[in-house]
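Peer 1: Let me begin by handing over the structure; questions about it come next.
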Amino acid sequence: MFVAAVYIRFFRSFNFDYLRKAHKSFVPDPWDRLESSDLQYPFVKVPLEKSVTTVVGANESGKSQLLSAIKHALSGEGIARGDFCRYSQFFAVNRSMAYPDFGLEFKDLSVSERQALVKACKGRISDDGFDSFLLFRVGGKDPVVYLRQAEQWATYALKDRNALASLMPSWFEIDATVALPESVPLKHLAGDGGASLRTSPRKERQFFINTLMENASTWFSTTEQITAAAPNVISAFTSASVGAGNHGDQLLLVEDLLLKVAGIDRSAFQELLNAVEAGKDGYANGIVEQMNRELAASLNFPRWWSQDHQFELLLTLRDQDLVFTIRDRTGTEYSADERSGGLKYFLSYFVQYLSHEPPASGAPEILLMDEPDAYLSSTGQQDLLRIFEDFAYPQDPERAACQVVYVTHSPFLIDKNHGERIRVLEKGEGDEGTRVVRNAARNHYEPLRSAFGGFVGETTFISNCNLMLEGMSDQILLAGMSSRLRQQKAPTLDNIDLNALTLVPAGSASHIPYMVYLARGRDADRPAVIVLLDSDEAGDKAREGLQRGPQGKKLIDPTLILQLGDLPAGKVNSAAPAGVLAIEDLVPLEIGVDAVKRYANDFLEPDESQLVQTLDIGDVDFSGCNGTHDALAKAAQSKVPGLHLDKVGLARSVIDSVRQGTGLDEALRTMDANFRALFRELNSRQRRATREITSEKTRSKIKRLKRSFLLDHPAGATRADATLLLEDVDAVLDDSVDAEDLRSEIRRVRRRFELDDSPNEAISEFDAFRDELETLVYREVNEAQEE
């Protein structure tokens, strides 16, 4: 069973569904009528996904209030008159002040859940195999069940509260305000907890001890001094005991990490404390080392934190505290406080995710999370999306699936693979209140301007890989078909991941070389880029421009460019006589004709649209046309002369046909196969481009060789030693233009220090040679810097 929708009325910014009430075809549901009145005020209905629901909206649009409404509706607790919508016409200050109203729709009931509902209604419901029901809490009174029977809604009062409680899903939250602390006292982990100086943050305890030591001679020499210093001592003690902020919550988080997630027994911390107090440093360090092994195995953090796959969270023993340190890909260790807040909060979310224990009853759960993006970078937010996905579809068979609802301001916390999960809330003017923007995610490839308070579009540099496209129509068709294939559970090789591949329309084929230059040509650290081009004259010129590049330096490896005409023969089926030259050629004619009719309905006057509705496949003639789009445009113009068939508008209509078209089964299978073939080729290039940027960078390789050389030769080296080093540097270079430039620099260094002469002699200017090595390491970066 899952919550399919939440209904809200007269609650804070949610007044009622004023748009539905004003619609000419409005027919109220039974729950829309006010008690003891014929007045009709429809609830604001917010549909929820069975898996993950993303709620977005501008400030004060009601996002957080939606989470509160779900809690009230599930538990019936905390429903207060003070939360009644203040701009409702029913808001009053007399004795009859009203309560807000809530409702829930449940679907996919199991047999046991049906039986529990029957029991909660004292057997008044007949168990005839129903799989859904609605529950409403109106006017602060007992909940009422609505069950669909034939064409009518039947109402049942809930009589057994315990049976209802066992049926209702429970909700829980990941606390977005608690970060992993810098350290934790061993006494706390050993079980000697409680609010005391021993469990205060380490810095506060150190401050207290330092204060006592610095003032010992004037505070504790005599009885009189002790008496006089008592207020100062009490003040210092109180300050250290209270600690900082939410330290108690942080300690609970550490317990979850070490006891639940890592599975370390509490007795191990008592043993470690005993070893420290007895001065058995070797034994204590051995215990900590084993704890770190358990921690690494249980966290497997590199799988989830894509910013550094060599990341390690370690425990370090300092006095009677365990301090959290972090080792990254540089091999350097940092304290937790030295790293970004985003990492600490992501660790917190991750620990809460791993340590969460579902209810023993097996009842369904809902995770509610309010703006988890506050501390996370764009990449960290994408990593958090994968945690939400694992809540909904756990890879661990021991974990139960969990429904997820979260609200966000960030475009990076939207799963672009699942536009159907987005719910946009908008606050109207005056007494209109919050409403749900219907179909906001229908074209999820478009920016959600109003939801984020500004323009948020597809841009480069925000994902693992960027796909450069000629125009918006390519973006629409790729995103729409990706969504369709994902719903069909297509293999990952046959689809694209829109969270890992950013679709970047350049505006035209001629703009693509410059867009790639912007992405890759101006910095040493280049993002991964692949390119999709039409197989026409403009596409061929763009490909040449990418190979020529500015100053003769090619912008991208040719293997990362795909022209549509290069799709494997036999894998695609196109009606265009010349084959696939543009992305529209992957669309079967049956779908293309249906899309033209939809386009006409959207853009033409009714009489002109009616003419286009007579269009048939037989009207499509490719003679004299450059592909499918031109042929469809020509056929449409035969019905309405002068009709302009816009590529972007047609692409939207094609996706509408794919989603809603009936009688197109065979054509849809063809289109699915065509786009699977395209996605497979794009995937191959994406993997190649991503491997290029995730493999060890040339600069890192040279830096490693230089470091090793200088460790072996700190004060001087022979010319032979230097020659061997430069040969090793040459060996790590690839065949790029930049690598050739670096090889030229290596030859210059060999000449300057005469390395080919008298190999056993020492380099006369060794300090200058060291400086030249630094120049080689950072040459690529310096070349990319602008004056």
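In the working numbering, the protein residues as written are 29 to 815. Yeah, the Cβ is synthetic: ideal placement off N, Cα and C, and Gly gets one too. Please read these numbers as outputs of a predicted model, since none were measured by experiment.
(1) By the DSSP assignment, the beta strand (DSSP E) with T436 in it spans what residues?
(2) Beta-carbon separation of A101 and P75 under 8 Å?
(3) Spell out the partners DSSP gives E201 in its beta bridges.
(4) For W59, is the classification buried or exposed, using 16 other Cβ atoms within 10 angstroms of its Cβ as the cut-off for buried?
(5) Taking V261 as the reference, which of H275, Q278, F236, L281 has the closest Cα?
(6) Determine the extent of the alpha helix (DSSP H) in which P634 is found, giving its start and end residues.
(7) State the CB to CB distance for the pair Y434 and P400, rounded to an integer number of angstroms; the pair is presumed to be in contact (CB under 8 Å).
(8) Would you call the CB atoms of L175 and Y184 closer than 8 Å?
(9) Between the Cα of A182 and those of V172, R747, D693, spot the shortest distance and give me the residue it belongs to.
(10) Go through its chain and collect everything with a Cβ distance to S376's Cβ below 7 Å, but skip five positions before and after it.
(11) Among residues of its own chain, excluding the 5 on either side of K150, which ones have a beta-carbon nearer than 7 Å to its beta-carbon?
(12) Does DSSP put A108 in a helix, in a strand, or in coil?
(13) For T803, is the classification buried or exposed, using 16 other Cβ atoms within 10 angstroms of its Cβ as the cut-off for buried?
(14) Closest by CA to L801, which one among I153, I645, V624, S736?
(15) State the start and end residues of the unbroken alpha helix (DSSP H) segment that holds L343.
(16) Could you check whether L617 and V600 sit closer than 8 Å to each other, using their CB atoms as the reference points?
(17) Taking the CB atoms as reference points, tell me whether D459 and Y69 lie closer together than 8 Å.
(18) What would DSSP say about S363, mapped onto helix, strand or coil?
(19) Throw me the rounded Cβ distance for the L588 and R708 pair, which I believe falls under 8 Å.
(20) Could you give the distance in angstroms between the alpha-carbon of R37 and the alpha-carbon of I394?
(21) Do D349 and P213 have their CB atoms nearer than 8 Å?
(22) Just mark H472 as buried or exposed, buried being the case when its beta carbon has 16 or more other beta carbons within 10 Å.
(23) Can you give me the C-alpha to C-alpha distance between G482 and S438, rounded to a whole angstrom?
(24) Using only the alpha-carbon positions, how far apart do E768 and R548 sit?
(25) Run the CB neighbour count on V544, radius 10 Å, all protein chains shown included, and call it buried at 16 or more, exposed below.
(26) Taking one C-beta from the stretch 293-304 and one from the stretch 326-344 each time, how about it: are there three or more such pairs within less than 8 Å?
(27) From V624 to G655, what does the alpha carbon distance come to, in whole angstroms?
(28) What's the gap between the Cα of P259 and the Cα of L287?
(29) Where does E457 land, buried or exposed, given buried means 16+ other C-beta within 10 angstroms?
(30) Apart from the five residues on each side of it in sequence, which residues of its chain come closer than 7 Å, Cβ to Cβ, to A534?
(31) I'd like to know whether the C-beta atoms of V532 and L382 end up nearer to each other than 8 Å.
(32) By a C-beta neighbour count over all protein chains shown, 10 Å radius and 16 as the cutoff for buried, is R713 buried or exposed?
(33) Buried or exposed: L739, going by 16 or more other Cβ atoms within 10 Å of its Cβ?
(34) On the DSSP letters alone, give me the boundaries of the beta strand (DSSP E) that N494 sits inside.
(35) Considering only their Cβ atoms, is the gap separating D136 from F16 smaller than 8 Å?
(36) Looking at the secondary structure, which residues open and close the alpha helix (DSSP H) in which E317 lies?
Peer 2: This is what the structure gives:
(1) 431-436
(2) no
(3) Bridge partners of E201: L396.
(4) When all chains shown are included, W59 counts as buried.
(5) F236
(6) 634-640
(7) 6 Å
(8) yes
(9) V172
(10) Excluding positions up to five away in sequence, the list reads V206, A207, L208, L281.
(11) K187, D188
(12) A108: coil per DSSP, three-state reduction.
(13) exposed
(14) It is S736 whose Cα lies nearest to the Cα of L801.
(15) Careful: L343 lies outside any alpha helix (DSSP H), inside the beta strand (DSSP E) at 340-346.
(16) no
(17) Not a contact, by the Cβ cut-off of 8 Å.
(18) In the structure shown, S363 falls within a strand segment according to DSSP collapsed to helix, strand and coil.
(19) Actually they are not in contact, since the Cβ atoms of L588 and R708 sit about 15 Å apart, beyond 8 Å.
(20) 21 Å
(21) yes
(22) Confidence at H472 is low in this model, with a pLDDT of 41, below 50, so its placement is unreliable and no value can be given for it.
(23) Here G482 scores only 38 on pLDDT, less than 50, and its place in the model should not be relied on; the value that follows carries that caveat. Rounded to whole angstroms, G482 to S438 spans 11 Å at the Cα level.
(24) 18 Å
(25) buried
(26) no
(27) 15 Å
(28) Whole-angstrom Cα-Cα distance: 39 Å.
(29) Here E457 is exposed: its Cβ has fewer than 16 other Cβ atoms, across all protein chains shown, within 10 Å.
(30) M496, L497, E498, I540, M543
(31) no
(32) buried
(33) So L739 counts as exposed.
(34) 493-497
(35) The structure shown has nothing for residue 16, since the chain only spans 29 to 815.
(36) 309-327
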